[in-house]
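Here the protein sequences come in this chain order: A and B.
Residues 5 to 388 (this note's numbering) make up the first sequence, in order.
Residues 149 to 273 (this note's numbering) make up the second sequence, in order.
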Amino acid sequence: MSEAIADTGAEAPLKKTPLHELHVELGAKMVPFAGYDMPVQYKDGVLNEHLHTRQAAGLFDVSHMGQAFLTGPDHETVSRAIEKLVPGDVLELDPGATRYTLLLNAKGGIRDDLMITRMEGAENDGKLFLVVNAACKDADFAHIAANMPAGVTLSVLADRALIALQGPKAAEAFATIAPETATQSFMTVRETNVDGAACLVSRSGYTGEDGFEISVPADRAEALTRKLLSDERVKPIGLGARDSLRLEAGLCLYGHDLDEETTPIEGALTWTISRRRRAEDEFPGADVVLGQIANGVARKRVGILPEGKAPAREGTDITDADGNKIGVITSGGYGPSVGGPIAMGYVETAFAKDGTPLQLVVRGKARPARVTKMPFVEKRFYRG
Amino acid sequence: MSDIRFTDQHEWVRVDDDVATIGISDYAQEQLGDVVFVELPETGKTLSAGDEAAVVESVKAASEVYAPVSGEVVEVNGALEDEPAGVNEDAMGNGWFVKLKLSDASELDKLMDEAAYKEFCDGLD
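See below:
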């Protein structure tokens with residue numbers, strides 16, 4: 005037999021996160037991912053890790069992601085500067101609030117997706133916290149730094165780990181160490197002292213569950229992780245389950261579901277562009293993107309539910325009932341909580357409506373499927 | 149007593165008279181992780197050694213199971229279609245995939261015996 009899918013390529017020596025030794029000690033299977041040697045699964049395996057996260061709490065090392073501060077003289081200056089590169093509304097963020105947005109190219113294509121937070125506190129006026137994808141971080145940071153006006157500075161936070169704690173028991177478990185996080189609202193970041201470490205605690209995640217992403221100084225990361233894992237509700241979760249969890253939640257994986265050739269409108273991310281940003285017309289590719297909002301798009305990202313049991317993986321052709329190709333799967337696999345195959349992909353707009361029958365060509369055989377609303381599982385965020 | 153042979157792609161084949169039962173090794177099921185889907189061939193199909201005989205999928209990836217020897221498919225393990233986890237539970241026994249009517253028994257001589265396969269796997273870790 006042969007394994008058909010390999011993980012993202014390794015070239016130079018792989019980088020290690022501050023938790024690398026702990027992963028090995030915990031029996032993780034390590035694989036190359038975005039230039040890092042990362043845990044794809046631990047001893048329990050992808051299926052059990054996925055289900056544990058939905059039932060209790062999972063801990064993920066996402067330290068490979070890029071973290072940075074963007075700092076300027078005041079909030080208006082720094083947010084106007086970054087808004088030149090993204091279509092999201094940064095200016096109107098409340099102090100402490102986080103927004104999901106996109107770095108766009110001149111054609112309106114997506115260079116990366118990212119989280120931007122307006123730091124709270126008078127001493128942090130003019131300070132944004134950015135979290136970007138691992139595979140894009142060097143390019144993203146170079147692009148941002150090169151496009152900032154005088155007085156606005158990007159500082160990459162290379163000496164911090166990022167730990168995600170996700171699941172219905174995540175808040176309970178975290179509150180035993182950091183009680184003040186219990187009532188923190190979804191999509192906010194707070195500077196929080198966690199077990200003596202100065203952390204940035206975000207209530208957000210990539211699983212569809214309640215939870216946190218904790219930015220912690222690298223030299224405190226292992227101690228904090230060990231403390232979190234000493235709680236019986238919390239288990240370590242690898243990248244394998246991270247991928248199946250985010251797919252069930254209907255969340256995009258950059259480089260697969262989104263790329264430089266895809267606009268936010270095609271990617272079904274129109275909701276990330278506020279009324280003010282549309283009216284101002286001042287972000288890269290605004291002519292293309294606003295034209296698509298007005299006139300529609302030729303293809304669109306949708307959720308797809310295969311009707312049989314066979315998973316349809318990335319790259320699977322989508323056809324209409326007559327066998328004409330109308331799209332392609334960009335993420336697909338088995339959803340452990342759904343108990344069957346799930347997918348997302350791009351289809352011609354005429355086929356994008358909920359319930360539309362499609363066929364998926366898996367190993368040369370057309371198999372029935374239909375367009376479905378996402379997420380595939382109910383989201384359970386903490387709204388406070 | 150039936151003789152068991154292995155391929156370097158981690159399939160096993162056990163021959164009783166002229167019928168070869170084919171599965172994946174315990175090492176393979178462990179590497180794959182939880183099996184969530186199995187696709188089996190139609191009975192009556194003729195396979196040459198090295199042809200794709202079945203597909204086995206974990207949460208993460210799809211893998212092909214190749215026929216270690218040539219022959220006609222005389223039986224498939226339909227129970228795996230409803231309970232794919234059977235591959236993990238008993239890869240070397242009840243988790244078998246297909247039975248072939250052997251067309252060339254001499255092909256077995258090219259495969260590893262149990263001791264050689266064990267040595268082969270030890271070399272992979």
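By construction, the Cβ of each residue, glycine as well, lies at the ideal position given by its N, Cα and C atoms.
So, with DSSP's three-state summary, where would you put residue 161(B)? In the second sequence, residue 161(B) corresponds to position 13, counting from 1. Reduced to three states, the DSSP call for residue 161(B) is strand.
Classify residue 234(B) as helix, strand or coil using the three-state DSSP reduction. Position 86 of the second sequence, counted from the start, is the residue given in the question as residue 234(B). Residue state, collapsed to three classes: helix.
Please decide whether residue 222(B) counts as near chain C, where near means a Cβ-Cβ distance under 8 Å. The chain inventory of the structure shown lacks chain C, comprising the protein chains A and B.
Is there contact between the region 221-228 of chain A and the region 194-209 of chain A, where contact requires at least three CB pairs shorter than 8 Å? yes
With a threshold of 16 other CB atoms inside 10 Å of the CB of residue 294(A), please say whether the residue is buried or exposed. Taking the first sequence and counting its residues from 1, one reaches residue 294(A) at position 290. Buried: at least 16 other Cβ atoms inside 10 Å.
If contacts are defined as beta-carbon pairs under 8 Å, then residue 113(A) and residue 289(A) qualify, I think. What distance do you get, rounded to the angstrom? Taking the first residue of the first sequence as position 1, residue 113(A) is located at position 109. Taking the first residue of the first sequence as position 1, residue 289(A) is located at position 285. Confirmed, Cβ separation roughly 7 Å.
I want to see whether chain B comes within less than 8 Å of residue 313(A), judged by CB atoms only; does it? Indexing the first sequence from 1 puts residue 313(A) at position 309. True, the Cβ-Cβ gap to chain B drops below 8 Å.
Would DSSP call residue 206(A) helix, strand or coil? As a position in the first sequence, residue 206(A) is number 202, starting the count at 1. In the structure shown, residue 206(A) sits in a strand (DSSP, three-state: E or B).
Within-8 Å CB hit, residue 371(A) to chain B: What you label residue 371(A) is simply residue 367 of the first sequence in a count that begins at 1. When Cβ-Cβ separations below 8 Å define contact, residue 371(A) makes no contact with chain B.
How is residue 323(A) classed by DSSP in three states: helix, strand or coil? As a first step, residue 323(A) must be located in the first sequence, where it is residue number 319. Three-state result, residue 323(A): strand.
So, with DSSP's three-state summary, where would you put residue 241(A)? Along the first sequence, one-based indexing puts residue 241(A) at 237. Residue 241(A) falls in the coil class under three-state DSSP.
Among 121(A), 378(A), 339(A), 42(A), nearest to residue 73(A) - alpha-carbon criterion: Here residue 73(A) is taken as the residue at index 69 of the first sequence, counted from 1. Checking every option, the nearest Cα to that of residue 73(A) belongs to 121(A).
Taking three-plus beta-carbon pairs below 8 Å as touching, is the region 149-160 of chain B in contact with the region 362-376 of chain A? no
If we cut at 8 Å on Cβ distances, does residue 154(B) have a partner in chain A? For the purposes of this step, residue 154(B) is identified with residue 6 of the second sequence, where counting begins at 1. Not one chain A Cβ lies under 8 Å of residue 154(B).
Between 242(B), 233(B), 259(B), which lies nearest to residue 198(B) when the distance is taken from Cα to Cα? The sequence position of residue 198(B) within the second sequence is 50, counting from 1. Among 242(B), 233(B), 259(B), the Cα nearest to that of residue 198(B) is on 259(B).
Thinking C-beta only, is residue 51(A) closer than 8 Å to residue 182(B)? Here residue 182(B) refers to the residue found at position 34 when the second sequence is read from its first residue. Here residue 51(A) refers to the residue found at position 47 when the first sequence is read from its first residue. Yes, these two residues count as a Cβ contact at 8 Å.
Which partner residues of residue 219(A) appear in the DSSP bridge assignment? Locating residue 219(A) in the first sequence gives position 215, counting from the first residue. Per DSSP, 166(A), 204(A).
So, is the C-beta of residue 317(A) closer than 8 Å to a C-beta in chain B? Position 313 of the first sequence, counting from 1, holds the residue named residue 317(A). Interface residue, yes.
Return the CA-CA distance between residue 108(A) and residue 273(B), expressed in angstroms with no decimal places. The residue given as residue 108(A) occupies position 104 in the first sequence. The residue given as residue 273(B) occupies position 125 in the second sequence. Whole-angstrom Cα-Cα distance: 44 Å.
By the three-class DSSP mapping on this structure, what secondary structure does residue 190(B) have? Here residue 190(B) refers to the residue found at position 42 of the second sequence. Residue 190(B) falls in the coil class under three-state DSSP.
May I ask you to verify whether the region 339-357 of chain A touches the region 303-314 of chain A, counting CB pairs closer than 8 Å and requiring at least 3? yes
Simplified DSSP state of residue 116(A), which is helix, strand or coil: In the first sequence, the residue the question calls residue 116(A) occupies position 112. Residue 116(A): strand per DSSP, three-state reduction.
Anything in chain A within Cβ reach of residue 268(B), meaning under 8 Å, just list it in chain order. Taking the second sequence and counting its residues from 1, the one referred to as residue 268(B) is at position 120. Near residue 268(B) there are no residues of chain A at all, since even the closest Cβ is about 14 Å away, more than 8 Å.
How many whole angstroms separate the CB atoms of residue 57(A) and residue 170(A), which I take to be in contact at a CB cut-off of 8 Å? For the purposes of this step, residue 57(A) is identified with residue 53 of the first sequence, where counting begins at 1. For the purposes of this step, residue 170(A) is identified with residue 166 of the first sequence, where counting begins at 1. Right, their Cβ atoms sit about 6 Å apart.
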